[in-house]
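A.B. asks: Residue numbering for the sequence shown follows our numbering, beginning at -15 and increasing consecutively.
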Amino acid sequence: MQIIKAHLYRLVLLVFILAINNFVSAQQMAKKDVVTDFEFFNEAVINAHGANYHYNLAVNLDSVLKDIDRIETDSLLITEFRYLIGRAFNEIGCVHTSVSEFPLEVKLPEERFFPLPVLLVNENLHIDNHKSKKTKGFIGQKIETINGYSSVYIVERLLNYLGGDGRGDHDSYAEEIGSLYAPKLISFYLNYPSEFEIKTSLGSFKVDAVEKPSYRYRSIIPMQKQEKILKGERAYYVKRDNIPVLRIDKFKKEDIKFWTKVFEELQVENPPFFVIDLRGNTGGNRKAGAELMRFLTGEKFGYSILQPKLKPKPYLNQQGKRYYRFSKLKYNFGKFTRKNKTELGTSFQFDFKPHKSTYKGQIIVLMDGLTASTSSMLTTWLDKHSNTHFIGRTAGGGYNGNNGGVFPRITLPCSKTVIRFPSYRIVLDDDSKKECGQIPDTKVKYSVDDWLNNIDRDWEAVLGFIKSVQKGK
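Written as structure tokens, this is what we have:
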């Protein structure tokens, strides 16, 4: 009987070990498959991505492929594969390139989240404000490790989740994205643990994973507290320290009529300074951005959508080919009066005239790393066609344009990861070599204590700038 029991015990143990091995293997991807995916991805970027719209550009993923080649193991964790995709997004330099579907995620444990909000400042992780009495004493502390993983390892992955426009200054965009999505990303890259052990200089503590993460746009809390004089769909008009401010969370088509109300108010008051707060604004409707600009300049302005001389069709999946065909019809037939042949491809020009009555005082724009897409189109227009003073951090969207207009899809052959893959180029400034976003005239840095105490250093810079202008008169 004892022999039978021992045999059964060994059999159960063997089944358990095999199950564990199969579970771990399921969470890995063969290196040769990773190479195949990235060789396809690289070829698609070179021949089909809007980032290569100009013949002088040579955007590619060679550096990522070299890093993959240096990996000594025969397989990679799924989470490391996703990290490499994020690295690729940074190499491309495009806020609109992202993962649309990641089927490998079903092989990971059940989705759970890091329970504490996190601040990513100067490539260090700090515990943000939260309500838990158990861990309140650790607020503001620098995180050294989480579940034995160093903060350096975690920060590297937070900073390489998505890519900012251009191949220049990504720091502000990466830091904002890393802070915003930290509760999800920390859990993902640590393989969705049920518990987190966090080590700080004050000591260590444990917290359970949660079902719902807590996110916050860290720059805009003080502005949200102001009394709203006018309110639109995703924008509102306030007075702060008696200075008029238009806060725009996102550009919505429904807010085009709201701009008229705001500028009717400004026309009556005729204030010498007017602040537009674009912090945390990742874009939205282009027409809404252009209609706002018509109130802010006395000059003509515009943009073009370029269909570059690229060949995306061989790389697109079925859905992507449908999107691409539809876009061809939309522009080549629906916008044929705007069509021009250029040395870079087929261009469609969109020009705008200013309104009869425009704001003529000093415009001040607040921006940060999340200021992108339509928001960064506005910052470029304002830089070229007004006397705007920019305060904050480098915009995440590109100065001379961005890759957009149509967003087809490609599917990586082995992992079946679906990538949102812009094929057109929105051109704002043909002559500018500046690929990164608008750089602030007054650069503002925040400390951990500033974020914890919701101190609006950007607004302090606004008041300082106004004072210096008034003093100089």
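Positions of the beta carbon are idealized from the N, C-alpha and C atoms, including for glycine.
Quick one: give me the first and last residue of the beta strand (DSSP E) that Q302 is part of.
C.D. replies: Element bounds for Q302: not the beta strand (DSSP E) but the alpha helix (DSSP H), Q302 to N316.
A.B. asks: Should A14 be labelled buried (16 or more other beta-carbon atoms within 10 Å of its own) or exposed?
C.D. replies: Result: exposed.
A.B. asks: Out of curiosity, what's the CA-to-CA distance linking E195 and L164?
C.D. replies: The straight-line gap from Cα to Cα measures roughly 17 Å.
A.B. asks: For I439 and D239, what's the separation of their Cα atoms in angstroms?
C.D. replies: Going by the C-alpha atoms only, they are around 29 Å apart.
A.B. asks: Let me make sure I understand the geometry here. Which of H38, E248 and N26 has the alpha-carbon closest to that of K327?
C.D. replies: For clarity, residue 327 is Glu in the given sequence; the question names Lys instead. It is H38 whose Cα lies nearest to the Cα of E327.
A.B. asks: Measuring CA to CA, which of V18, K16, F22 and A28 is closest to R393?
C.D. replies: Looking at the Cα atoms, A28 is the closest of the given residues.
A.B. asks: Would you call the CB atoms of A32 and Y307 closer than 8 Å?
C.D. replies: Going by C-beta atoms, A32 is not nearer than 8 Å to Y307.
A.B. asks: Can F65 and V18 be called in contact, C-beta distance under 8 Å?
C.D. replies: Contact: yes.
A.B. asks: With DSSP run on the structure shown, which of helix, strand or coil describes V(-4)?
C.D. replies: Residue placement at V(-4) cannot be trusted, given a pLDDT of 42 that sits under 50; what the coordinates show is reported in the next sentence. If DSSP states are grouped into helix, strand and coil, V(-4) belongs with the helices.
A.B. asks: The alpha helix (DSSP H) spanning F449 covers which residue range?
C.D. replies: R441 to G456 is the span of the alpha helix (DSSP H), which, as asked, contains F449.
A.B. asks: Which value, in whole angstroms, describes the spacing of the CA atoms of E23 and K16?
C.D. replies: Going from the Cα of E23 to the Cα of K16 covers about 11 Å.
A.B. asks: Which term fits G273, buried or exposed, when burial requires 16 or more other beta carbons within 10 angstroms of its beta carbon?
C.D. replies: So G273 counts as buried.
A.B. asks: What are the start and end residues of the beta strand (DSSP E) that includes I423?
C.D. replies: That residue, I423, is in no beta strand (DSSP E); it is neither H nor E in DSSP.
A.B. asks: Are at least three pairs of beta-carbons, each pair with one atom in the stretch 402 to 409 and one in the stretch 74 to 89, less than 8 Å apart?
C.D. replies: These segments touch.
A.B. asks: Which residue's Cα is closest to the Cα of N131: D112, A379, N371 and F98?
C.D. replies: Comparing Cα positions, the closest option is F98.
A.B. asks: Locate the beta strand (DSSP E) running through R141, then write down its first and last residues.
C.D. replies: Counting along the chain, R141 falls outside any beta strand (DSSP E), though it belongs to the alpha helix (DSSP H) covering S135 to L142.
A.B. asks: Cutting at 7 Å between CB atoms, please list the residues of its own chain near D225, excluding the five before and the five after it.
C.D. replies: Counting only Cβ-Cβ distances below 7 Å, and skipping sequence neighbours, we find L447.
A.B. asks: Hey, does Y408 have any beta-carbon neighbour from chain D nearer than 8 Å?
C.D. replies: Structure shown: chain D not included; a single protein chain is present.
A.B. asks: Rounding to the nearest angstrom, what Cα-Cα distance links P338 and F285 in this structure?
C.D. replies: For P338 and F285, the distance between alpha carbons rounds to 8 Å.
A.B. asks: DSSP state of T372, grouped into three classes?
C.D. replies: In the structure shown, T372 sits in coil (DSSP, three-state: anything other than H, G, I, E or B).
A.B. asks: Could you check if P101 is buried or exposed, using at least 16 other CB atoms within 10 Å of its CB as the buried criterion?
C.D. replies: It is buried - the Cβ of P101 has at least 16 other Cβ atoms within 10 Å.
A.B. asks: On the CB-based measure, 16 or more other CB atoms within 10 Å of its CB, does S188 come out buried or exposed?
C.D. replies: Classification of S188: exposed, given that the 10 Å Cβ count is below 16.
A.B. asks: Do G264 and F235 count as a contact pair if the criterion is CB distance below 8 Å?
C.D. replies: Not a contact, by the Cβ cut-off of 8 Å.
A.B. asks: What is the rounded straight-line gap between the Cα of E181 and the Cα of L104?
C.D. replies: E181 and L104: Cα-Cα distance of roughly 19 Å.
A.B. asks: What residues match up with F405 in a beta bridge as DSSP calls it?
C.D. replies: DSSP, once it has assigned bridges, lists no residue as partnering F405.
A.B. asks: Just to confirm the assignment, what range does the beta strand (DSSP E) spanning L60 have?
C.D. replies: Where L60 is concerned, the enclosing beta strand (DSSP E) stretches over S59 to L61.
A.B. asks: From what residue to what residue does the alpha helix (DSSP H) around L169 run?
C.D. replies: Where L169 is concerned, the enclosing alpha helix (DSSP H) stretches over D155 to Y173.
A.B. asks: Can you check which of these residues, G304, L290 and K126, is closest to P296 by C-alpha distance?
C.D. replies: When only C-alpha atoms are compared, the closest one is G304.
A.B. asks: From S399 to V48, what does the alpha carbon distance come to, in whole angstroms?
C.D. replies: Computed Cα separation, rounded: 17 Å.
A.B. asks: If you draw a straight line from the C-alpha of L92 to the C-alpha of L169, how long is it?
C.D. replies: Going by the C-alpha atoms only, they are around 14 Å apart.
A.B. asks: Alpha carbon to alpha carbon, what distance is there between N26 and S359?
C.D. replies: Rounded to the nearest angstrom, the two C-alpha atoms are 29 Å apart.
A.B. asks: Measuring only the C-alpha atoms, how far is T364 from K319?
C.D. replies: Near 24 Å, if we compare the C-alpha coordinates of K319 and T364.
A.B. asks: For a test of the three-state rule: what should DSSP assign to P298, helix, strand or coil?
C.D. replies: Three-state result, P298: helix.
A.B. asks: Please classify G147 as buried or exposed, where buried requires at least 16 neighbouring CB atoms within 10 angstroms.
C.D. replies: When all chains shown are included, G147 counts as buried.
A.B. asks: Considering just the uninterrupted stretch of the alpha helix (DSSP H) at R231, what are its terminal residues?
C.D. replies: No alpha helix (DSSP H) holds R231; the beta strand (DSSP E) holding it covers I227 to I232.
A.B. asks: Per the DSSP calculation, L100 is bridged to which residue(s)?
C.D. replies: DSSP, once it has assigned bridges, lists no residue as partnering L100.
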